[in-house]
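Trainee:
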Amino acid sequence: MRARIALAAAAVLALAGCTEPAAPTTAPIPARQTEAPPAQPKAPDCDATASLRPAGALPAPGRMPAGSYMAEIQKTGRLILGTSQDSPLFSSRDPFTGRVEGFDIDMGRLVAKAIFGDASKLQIKVIPHADRTKQFDDEGDKVDLVINTMTANCTRWQEVDFSTVYLETGQRLLVRKDSEIDGLDDLADQRVCAAVGSTSFTNIQKAGADAVARNGWGECLVAFQQNEVVAISTDDTILAGLAEQDPFAKVVGPRFTEEPYAIAISKEHPDFTRFVNAVLEQSRRDGSWKDAYDKWLGALGPAPQPPAARYR
Ligand code: GLU
Numbered sequence: 625m626r627a628r629i630a631l632a633a634a635a636v637l638a639l640a641g642c643t644e645p646a647a648p649t650t651a652p653i654p655a656r657q658t659e660a661p662p663a664q665p666k667a668p669d670c671d672a673t674a675s676l677r678p679a680g681a682l683p684a685p686g687r688m689p690a691g692s693y694m695a696e697i698q699k700t701g702r703l704i705l706g707t708s709q710d711s712p713l714f715s716s717r718d719p720f721t722g723r724v725e726g727f728d729i730d731m732g733r734l735v736a737k738a739i740f741g742d743a744s745k746l747q748i749k750v751i752p753h754a755d756r757t758k759q760f761d762d763e764g765d766k767v768d769l770v771i772n773t774m775t776a777n778c779t780r781w782q783e784v785d786f787s788t789v790y791l792e793t794g795q796r797l798l799v800r801k802d803s804e805i806d807g808l809d810d811l812a813d814q815r816v817c818a819a820v821g822s823t824s825f826t827n828i829q830k831a832g833a834d835a836v837a838r839n840g841w842g843e844c845l846v847a848f849q850q851n852e853v854v855a856i857s858t859d860d861t862i863l864a865g866l867a868e869q870d871p872f873a874k875v876v877g878p879r880f881t882e883e884p885y886a887i888a889i890s891k892e893h894p895d896f897t898r899f900v901n902a903v904l905e906q907s908r909r910d911g912s913w914k915d916a917y918d919k920w921l922g923a924l925g926p927a928p929q930p931p932a933a934r935y936r
């Protein structure tokens with residue numbers, strides 16, 4: 625059973641890097657050893673969860689103000705969303721439809737609907753997890769926004785702007801059901817997987833674990849199922865999705881960090897950040913945030929209040 629789950633996860637991983645569904649494959653994927661990221665210089669202090677205030681009421685869909693970045697997007701006919709395809713519940717490829725779906729995708733659909741009046745005008749671009757803040761640099765192949773279980777923090781604010789917070793989460797541990805590990809204190813020198821470029825990786829390194837980096841949460845699940853690591857550590861919302869895929873796994877310990885998720889946008893388009901914040905305000909008011917929560921994260925319990933917007 626475990627081998628089958630690992631194979632299914634590996635098949636999903638084979639699609640990594642594609643924007644379109646590729647032909648299904650059952651060939652096992654050789655394990656890729658990922659270099660641990662270099663230590664980040666300490667970022668200056670900032671108010672990481674405070675974003676740019678909306679400029680006023682949202683313009684009518686299909687009538688974006690002349691000269692705005694939203695008008696440019698409207699002209700191209702699609703909103704390009706950078707995300708992963710192996711973060712269950714948030715952005716993962718449905719093996720039956722070939723589509724990437726989840727809570728993060730639904731946040732992107734709300735923005736597409738506000739621009740075009742049509743939520744389906746969203747194009748998914750699968751991006752490398754370690755380069756989530758670098759997706760706005762390359763004019764040829766850029767994304768309009770990144771929505772990818774991404775914590776707003778001061779290091780990242782140096783490279784991108786963030787929207788207001790759309791989900792509050794925190795880091796925990798996923799271990800085997802028969803494991804005695806039940807918290808951070810048990811991690812010393814234990815091999816624990818986290819995605820390269822994630823805050824989770826840095827946090828478990830700080831906790832004294834032997835942190836093992838992989839290119840995303842699907843690869844961590846494969847490493848876990850092949851007994852290369854004793855645990856996976858990341859936001860409990862992501863762990864809940866991984867646990868759903870592995871009947872031999874459980875999520876343990878209290879949250880030991882705060883991980884406020886926000887949408888990353890190029891610093892060159894503050895008008896778009898303000899627009900996205902107006903869309904998020906609307907989704908908190910009109911129930912669409914709650915609908916997305918109930919649809920994807922309902923198994924975690926009743927929907928909490930959406931995070932209140934904070935502005936700088
Ligand atoms: N929220 C954390 C981060 O942005 C961990 C989850 C992830 O990397 O997808 O780094």
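Position 306, counted from 1, in the sequence shown is what the numbering used here calls 930; the numbers after and before it change by one each time, with no gaps.
A virtual CB, placed ideally from N, CA and C, is assigned to each residue, including glycine.
Everything numeric in this text was worked out from a predicted model, so none of it was measured.
Can you tell me where the alpha helix (DSSP H) with P907 in it begins and where it stops?
Mentor: Residue identity differs from the one stated: residue 907 is Ser in this sequence, not Pro. Residues P894 to D910.
Trainee: Tell me where the beta strand (DSSP E) around L866 begins and ends.
Mentor: Premise fails: L866 lies in the alpha helix (DSSP H), D860 to Q869, not in any beta strand (DSSP E).
Trainee: Tell me whether M774 counts as near the ligand GLU, meaning its Cβ is closer than 6 Å to at least one heavy atom of that ligand.
Mentor: Yes, Cβ of M774 sits closer than 6 Å to a heavy atom of the ligand GLU.
Trainee: Can you give me the Cβ contacts of F792 inside the same chain, cut-off strictly under 6 Å, excluding the 5 residues immediately before and after it?
Mentor: It is Glu, not Phe, that sits at residue 792 in the sequence shown. Only P884 and P931 meet the Cβ criterion.
Trainee: Counting Cβ pairs, one atom from each stretch, are 3 or more of them under 8 Å apart for the region 834 to 851 and the region 705 to 712?
Mentor: At 8 Å Cβ cutoff, the stretches touch.
Trainee: Using a threshold of 6 Å, is the CB atom of H684 nearer than that to any non-hydrogen atom of the ligand GLU?
Mentor: A quick correction: the sequence has Ala, not His, at residue 684. Incorrect: A684 has no Cβ contact closer than 6 Å to the ligand GLU.
Trainee: Per DSSP, which one or two residues make a beta bridge with P884?
Mentor: DSSP, once it has assigned bridges, lists E792 as partnering P884.
Trainee: I'd like to check one pair, D860 with R796: are the Cβ atoms closer than 7 Å?
Mentor: Going by C-beta atoms, R796 is nearer than 7 Å to D860.
Trainee: Under three-state DSSP, which class holds D730?
Mentor: The answer is helix: DSSP assigns D730 an H, G or I state.
Trainee: Just grab the DSSP bridge partners of L705 for me.
Mentor: Answer is I748 and L769.
Trainee: Given this structure, state the Cα-to-Cα distance separating A933 from A886, to the nearest angstrom.
Mentor: Spanning the two alpha carbons is a distance of roughly 11 Å.
Trainee: Just to confirm, does A933 get its C-beta within under 6 Å of one of the non-hydrogen atoms of the ligand GLU?
Mentor: Incorrect: A933 has no Cβ contact closer than 6 Å to the ligand GLU.
Trainee: Among the candidates E868, Q929 and S787, whose CA atom is the shortest distance from the CA of F896?
Mentor: With distances taken between Cα atoms, F896 lies closest to S787.
Trainee: Using a threshold of 6 Å, is the CB atom of P859 nearer than that to any non-hydrogen atom of the ligand GLU?
Mentor: Reading off the sequence shown, one finds Asp at residue 859, where the question assumed Pro. Yes; taking the cut-off as 6 Å, the Cβ of D859 has a heavy atom of the ligand GLU nearer than that.
Trainee: Got a sec? Which residues, its chain only, sit under 6 Å from R656 by beta carbon, not counting five neighbours each side?
Mentor: In this prediction, R656 scores a pLDDT of 42, lower than 50, which makes its location untrustworthy; the coordinate-derived value is nonetheless stated afterwards. So the list is empty, once near-sequence residues are dropped.
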